[in-house]
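Q: Residue numbers (the numbering used here): 2 to 463.
Where a beta carbon is used, it is the ideal one built from N, C-alpha and C, also for glycine.
All values derive from a computational prediction rather than experimental measurement.
1. Can you tell me whether DSSP reads residue 142 as helix, strand or coil?
2. Write down every uninterrupted run of the alpha helix (DSSP H) in the region 300-333 whose length is 4 residues or greater and which is fully enclosed by it, in chain order.
3. My output table needs one value for residue 189: the three-state DSSP class, helix, strand or coil.
4. Here's the rule: buried if 16 or more other CB atoms are within 10 angstroms of the residue's CB, otherwise exposed. What is residue 446?
5. Taking the alpha carbon of residue 441 as the reference point, which residue from 247, 63, 56 has its own alpha carbon closest?
6. Taking buried to mean at least 16 other C-beta atoms within 10 Å of its own C-beta, is residue 291 buried or exposed?
7. According to the neighbour-count rule (16 or more other Cβ atoms, all chains shown, within 10 Å of its Cβ), is residue 107 buried or exposed?
8. Of the residues 266, 75, 28, 395, which one's Cα is nearest the Cα of residue 228?
9. Residue 391 and residue 409: beta carbons closer than 8 angstroms?
10. Nearest-angstrom Cα distance between residue 422 and residue 428?
11. Determine the direct distance from the alpha carbon of residue 443 to that of residue 312, and round the result to whole angstroms.
12. Using DSSP with H/G/I as helix, E/B as strand and the rest coil, what is residue 204?
13. In whole angstroms, give me the CA-to-CA distance for residue 182 and residue 197.
14. Expressed to the nearest angstrom, what Euclidean distance is found between the alpha-carbon atoms of residue 14 and residue 187?
15. Decide if residue 282 is buried, meaning its Cβ has at least 16 other Cβ atoms within 10 Å, or exposed.
16. Quick one, which of 77, 221, 448, 200 has its alpha-carbon nearest residue 26's?
17. CB residue 328 to CB residue 297, shorter than 8 angstroms?
18. If you draw a straight line from the alpha carbon of residue 31 to that of residue 18, how long is it in whole angstroms?
19. CB-CB under 7 angstroms to residue 259, same chain, minus the five flanking residues each way: which ones, in chain order?
20. Which of the three DSSP states is assigned to residue 122 in this structure?
21. Just list the residues that DSSP pairs residue 297 with in beta bridges.
22. Between which two residues does the alpha helix (DSSP H) carrying residue 358 extend?
23. Are residue 255 and residue 195 touching if we call contact CB-CB under 8 angstroms?
24. In terms of DSSP beta bridges, what is residue 398 paired with?
25. Relative to the alpha-carbon of residue 449, which residue among 437, 145, 415, 438 has its alpha-carbon at the smallest distance?
26. In whole angstroms, what is the alpha-carbon distance linking residue 80 and residue 143?
27. Do three or more CB pairs link the region 397-411 to the region 345-365 at distances below 8 angstroms?
28. Checking the sheet assignment: what are the DSSP bridge partners for residue 372?
29. Measuring only the C-alpha atoms, how far is residue 86 from residue 53?
30. When you compare only the Cα positions, how much space is there between residue 172 and residue 387?
31. Going by Cα to Cα distance, which pick from 224, 12, 308, 42 is closest to residue 279?
32. Could you have a look at residue 23 and say whether DSSP puts it in helix, strand or coil?
33. How many Å lie between residue 218 and residue 243 at the Cα?
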């Protein structure tokens with residue numbers, strides 16, 4: 002491990018003393034400084050740049066360091082940045098020639114770490130928020146939040162959350178940034194959270210579900226990005242959540258709407274109603290998810306990244322087989338055009354080089370046009386976009402003159418309600434829908450007439 006220059010060590014010790022850091026912790030702070038300088042030397046990073054700390058923090062995380070230890074390391078390096086700032090200003094005032102060559106007082110006992118790669122080093126947008134000891138003053142308004150957005154996106158990707166979660170959390174982060182007038186991340190606290198949630202309920206009058214989503218977004222932000230304690234949210238005006246009864250179509254209404262849909266939208270609607278699929282689950286189906294021999298349909302990476310199997314409606318076997326044949330024809334055309342195949346989940350495209358061109362991985366409902374891969378000349382095929390299906394169903398509902406606010410998700414509600422009306426066990430319906438909690442499925446008990454006996458009787462008389 003590289004030694005810390007004596008002048009830097011003494012100045013760093015002086016800064017620790019000014020902050021009344023206990024002696025035991027001082028030794029730890031010096032340890033983190035040595036580790037940081039050694040890390041920068043190993044990876045040819047400039048230790049004076051706050052952007053260099055992001056990689057160091059990730060290294061500590063990969064080594065299994067506790068959050069408290071990483072927080073202490075963060076504060077230690079923030080004091081280091083303050084130390085070199087004080088040294089530089091002192092040398093500039095005294096007219097010392099070394100002020101023109103900062104590397105001489107940062108690590109005079111180490112080789113020059115400057116390399117041609119440092120000109121291309123990431124800027125501060127890749128760094129992480131540092132404590133109040135950092136050299137740059139914290140702003141009450143007008144701070145740059147690019148770092149927070151970048152870290153929020155990375156935190157969501159690491160946990161394999163869906164892109165919809167990222168879009169929703171980014172929206173609420175934008176609203177929170179506007180409410181706090183872009184206050185510096187280091188100054189954000191629970192008062193800002195309470196004020197924002199009350200603002201949503203009182204001034205914006207948002208629905209209870211929207212306010213809860215905003216609460217979850219801020220909870221994720223504080224816990225996984227800002228790494229701050231998220232205390233109890235008391236004294237906040239919360240939007241009152243009212244019982245919601247979903248819109249349900251009758252069987253004749255379902256048939257009427259489907260009859261007004263053109264292929265392949267009619268088959269999609271039949272799967273939504275016949276299997277209780279969510280729209281994105283239906284559009285993400287691939288050829289290999291259909292098992293015609295066992296009459297089983299498999300949903301991969303549904304809501305919450307859960308898999309489940311569903312009985313394939315026997316009345317749709319012929320239509321699904323015909324759709325697979327259409328996919329096969331399109332697949333042969335793509336191979337003849339030397340396209341890169343379809344998009345694959347996660348890193349499967351790297352693990353299995355040719356999987357994207359295999360027929361089993363083709364979408365059951367492919368998009369009509371190809372998509373150009375960013376930064377390359379390869380074209381790949383995505384599945385049919387959700388908005389196309391939603392627009393087609395909305396138009397069919399309008400043509401049917403059904404006076405209900407029906408959408409693609411209404412077919413899923415109708416699936417559950419009609420099964421419940423046919424006296425199918427509610428726990429079976431829960432499994433078919435992929436609900437984690439039975440309480441979620443219980444809402445459909447309000448959409449069908451009750452068939453229970455109202456009159457109180459003894460079980461001996463039944």
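A: So, to answer that:
1. Secondary structure at residue 142: coil, using DSSP grouped into helix, strand and coil.
2. Runs found: none.
3. coil
4. Under this definition residue 446 is an exposed residue.
5. 247
6. buried
7. Residue placement at residue 107 is poorly supported in this model, since its pLDDT is 43, which falls under 50; the coordinates still yield a value, given next. Residue 107 should be labelled buried.
8. 75
9. yes
10. 14 angstroms
11. For residue 312 and residue 443, the distance between alpha carbons rounds to 22 angstroms.
12. In this structure, residue 204 counts as coil in the three-state DSSP scheme.
13. 12 angstroms
14. 24 angstroms
15. Classification for residue 282: buried.
16. 77
17. no
18. 12 angstroms
19. 267, 270, 271
20. Model confidence at residue 122 stands at a pLDDT of 35, short of 50, so the residue's coordinates are unreliable; what they give is reported in the following sentence. Coil, per DSSP.
21. 292, 312
22. Unbroken run through residue 358: none, as it is neither H nor E.
23. no
24. DSSP, once it has assigned bridges, lists no residue as partnering residue 398.
25. 415
26. 24 angstroms
27. no
28. 381
29. 16 angstroms
30. 20 angstroms
31. Closest by alpha carbon: 308.
32. coil
33. 22 angstroms
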